[in-house]
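Structure record follows, encoded as C-alpha cells.
Number of protein chains: 2
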Amino acid sequence: MQNGLESVTTDEIAAASGVSTRTFFNYYPNKEAAAIGHPPDFSDSDKDALRTGTAPLADDIKWLLDRQVETLAKDEAILRMVGRILKCNEKARGILDGALSDQREDLTEVFLSRVNNRQTAAALAQTATSAIGGAIFLWEHEDNITLSAALDRVWQGVIDASWLLSGTHEKDQLY
Amino acid sequence: MQNGLESVTTDEIAAASGVSTRTFFNYYPNKEAAAIGHPPDFSDSDKDALRTGTAPLADDIKWLLDRQVETLAKDEAILRMVGRILKCNEKARGILDGALSDQREDLTEVFLSRVNNRQTAAALAQTATSAIGGAIFLWEHEDNITLSAALDRVWQGVIDASWLLSGTHEKDQLY
DNA sequence: TGCAACGATTGCAGACTGTGCAAGGTTTTT
DNA sequence: AAAAACCTTGCACAGTCTGCAATCGTTGCA
Chain Z
1 MQNGLESVTT DEIAAASGVS TRTFFNYYPN KEAAAIGHPP DFSDSDKDAL
51 RTGTAPLADD IKWLLDRQVE TLAKDEAILR MVGRILKCNE KARGILDGAL
101 SDQREDLTEV FLSRVNNRQT AAALAQTATS AIGGAIFLWE HEDNITLSAA
151 LDRVWQGVID ASWLLSGTHE KDQLY
Chain Y
176 MQNGLESVTT DEIAAASGVS TRTFFNYYPN KEAAAIGHPP DFSDSDKDAL
226 RTGTAPLADD IKWLLDRQVE TLAKDEAILR MVGRILKCNE KARGILDGAL
276 SDQREDLTEV FLSRVNNRQT AAALAQTATS AIGGAIFLWE HEDNITLSAA
326 LDRVWQGVID ASWLLSGTHE KDQLY
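So the sequences go chain by chain: Z and Y.
Take 1 as the starting number for the first sequence in the numbering used here and just add one per residue.
Take 176 as the starting number for the second sequence in the numbering used here and just add one per residue.
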C-alpha cells in the first residue's frame, strides 16, 4: 500500500459512506479533494489582530503562525494522513496548492495594512505561509518533535535568512 | 475554450504527434506532464558560482535569479501557455509543484555552503524559488513589463520584507 | 387531504485517462 | 544469419467523472 488513496476506488468510498457513487461526486469535485479536505483558514479575528497589531511585525506574524499551528496540531492524525497522500499523489498536491495560494493572497491583503507596498506584503505572506509548510515538513521528518517546536525552528531559520538578506551587518558572515 | 488542455484528448495529441496513444504514454506519464514539461533546472555552473560567491548573499542570489529568469524569458510563449494551463488544471499544478520542490531542495544544499544552518538555508531557498514564481505571476498580470523587470520589483519586495523581519531598526515602522 | 414544487439521491450510459500484456517490427550485436 | 535488445502498437480492462432523466421524501399551500 504505497499510496492508500490509489488503492481505494470511489465506488468503495461511496459504498462505505452509504451513498451511491454518483452522490459522492455531487458532494466532492473529485476523489482527492474529498480525501484531503480544505485546510483551515486563518481566523478572521487572528487576521484582525495582525492588521491592528503594534508589536514588531516579526512578532505579530509569529503569533499568527503559532495560532495556526495550534489549530493544525488538534488533528495530528489527519495531518499525517494528508501528508502521506500528498507525498505520492500529484493531483492532491495541486488541489492543496491552489487552496494555499488563495490563503496567501488573503494574507497579502492583510499585510497591506502594515506595509504600503504590495510586493513587500506578498513576500511576507509567502514567507509566512511557507513557514507553516516547512514546520509540517520538519515535524513529519524528525522524530519526537512537536509541531509547535518545529515551527520555532523553522521560524528562527526565516529570521536568520532575513537577517542575511537585509544585509545590515556583514560581520556575521565572517564565521 | 476555458482550459485548452481538457478540451483535447490524449488520442488527439498522440495522433497529431504521429504515434499511437499507447506510445504517447510510454513517453509521458500523463497528459499534464507532457503539456507543461519540466521546468529548467538551475545550471550547475550557476550553482557553483553561488556556492563559491563572495559578494553579499543577497546579491549572489539575485544574480542567480537573474540568470534563471533570463533562461525562462527565452520561451515567453511557452511560459504564457503553461501559465494558462496551470490556472485551471489542478493536476498540472501538482506536477509542477513537485518539480519545484525538488529544485528547492537542491538549492537548499547549495545554500548550505554559505550558511551553516539547514533551516536558514531552506528559508533562503524558499525565498529564492518563490521569487521566480512571483516574478512570473507579476509578468502575467501586469501589462508591458518584462520578466526581468518583474523580478526586480519582486526582489525589492523580498528585500524590504527581510528588512522588516530582521527588525534591526524599528524606526522604519514609524511612518 | 390533495397536490404541486423542490431538493436530494440514484442508475445508467458514455467519454476519457492510464496500465498490463503480448504481438510484431526494427536495429544492433555477435 | 542468428540472437538480443529495443521500440511501437493493439487490445482489453480498471477506474474517474459527467450529463441526463427518473425517483423519492419533504415542505408549503390550497
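Ideal Cβ placement from N, Cα and C applies to all residues, glycine included.
Whole angstroms is fine: what's the gap from ASP48 of chain Z's alpha carbon to LEU232 of chain Y's?
Your numbering for residue 48 of chain Z matches position 48 in the first sequence. Your numbering for residue 232 of chain Y matches position 57 in the second sequence. If I take the Cα positions, the gap works out to 35 angstroms.
Which whole-angstrom value is the C-beta distance of VAL115 of chain Z and ALA298 of chain Y, which I expect to be below 8 angstroms?
The sequence position of residue 115 of chain Z within the first sequence is 115, counting from 1. The sequence position of residue 298 of chain Y within the second sequence is 123, counting from 1. No, VAL115 of chain Z and ALA298 of chain Y are not in contact; Cβ-Cβ is about 19 angstroms, not under 8 angstroms.
Can you give, in chain order, each stretch of the alpha helix (DSSP H) that sits fully within the region 195 to 256 of chain Y and has at least 4 residues?
196 to 202, 206 to 211, 219 to 227 and 232 to 248
Against ARG268 of chain Y, what residues of chain Z qualify as contacts under a CB-to-CB distance less than 7 angstroms, listed in chain order?
Position 93 of the second sequence holds residue 268 of chain Y. Correct list: GLY94, ASP97 and GLY98.
Measure from the alpha carbon of SER162 of chain Z to the alpha carbon of each residue in Y:ILE307, Y:LEU313, Y:GLU317 and Y:ALA296, then state which is nearest.
Residue numbering aside, residue 162 of chain Z sits at position 162 when the first sequence is read from its first letter. Comparing Cα-Cα distances from SER162 of chain Z to each of Y:ILE307, Y:LEU313, Y:GLU317 and Y:ALA296, the minimum goes to Y:ALA296.
When DSSP labels each residue in this structure, what does GLU317 of chain Y get in the three-state scheme?
Locating residue 317 of chain Y in the second sequence gives position 142, counting from the first residue. GLU317 of chain Y falls in the coil class under three-state DSSP.
Inside the region 263 to 300 of chain Y only - alpha helix (DSSP H) runs reaching at least 4 residues
265 to 286
Alpha carbon to alpha carbon, what distance is there between VAL8 of chain Z and SER17 of chain Z?
Residue numbering aside, residue 17 of chain Z sits at position 17 when the first sequence is read from its first letter. Residue numbering aside, residue 8 of chain Z sits at position 8 when the first sequence is read from its first letter. The straight-line gap from Cα to Cα measures roughly 13 angstroms.
Counting only Cβ pairs nearer than 8 angstroms, list the residues of chain Y close to ASN117 of chain Z.
Numbered from 1 along the first sequence, position 117 holds the residue referred to as residue 117 of chain Z. The contacting residues are GLY332 and ASP335.
Note down, in chain order, every chain Z residue with its Cβ under 7 angstroms from the Cβ of ARG259 of chain Y.
Position 84 of the second sequence, counted from the start, is the residue given in the question as residue 259 of chain Y. Going along chain Z, no residue has its Cβ under 7 angstroms from ARG259 of chain Y, so there is no contact; the nearest lies around 15 angstroms.
So the candidates are Z:ASN26, Z:GLN126 and Z:GLY133; which of them puts its Cα closest to the Cα of ARG93 of chain Z?
Mapped onto the first sequence, residue 93 of chain Z falls at position 93. Minimum Cα distance to ARG93 of chain Z is reached at Z:GLY133.
Which of helix, strand or coil DSSP assigns to LEU5 of chain Z:
To locate residue 5 of chain Z, count along the first sequence from 1; it is residue 5. Three-state result, LEU5 of chain Z: coil.
Shorter than 8 angstroms from the beta carbon of SER288 of chain Y to some beta carbon of chain Z?
Position 113 of the second sequence, counting from 1, holds the residue named residue 288 of chain Y. Not an interface residue.
In this structure, how does DSSP classify GLY258 of chain Y when only helix, strand and coil are distinguished?
Taking the first residue of the second sequence as 1, we reach residue 258 of chain Y at position 83. Of the three classes helix, strand and coil, the one that applies to GLY258 of chain Y here is helix, per DSSP.
Counting along the chain, where does the alpha helix (DSSP H) carrying GLY157 of chain Z start and finish?
On the first sequence, residue 157 of chain Z is found 157 positions in, with the first residue counted as 1. Its alpha helix (DSSP H) spans residues 147 to 166.
Say whether chain Y places a C-beta atom closer than 8 angstroms to the C-beta of ARG153 of chain Z.
Taking the first sequence and counting its residues from 1, the one referred to as residue 153 of chain Z is at position 153. Chain Y, which has a Cβ nearer than 8 angstroms to the Cβ of ARG153 of chain Z, makes this yes.
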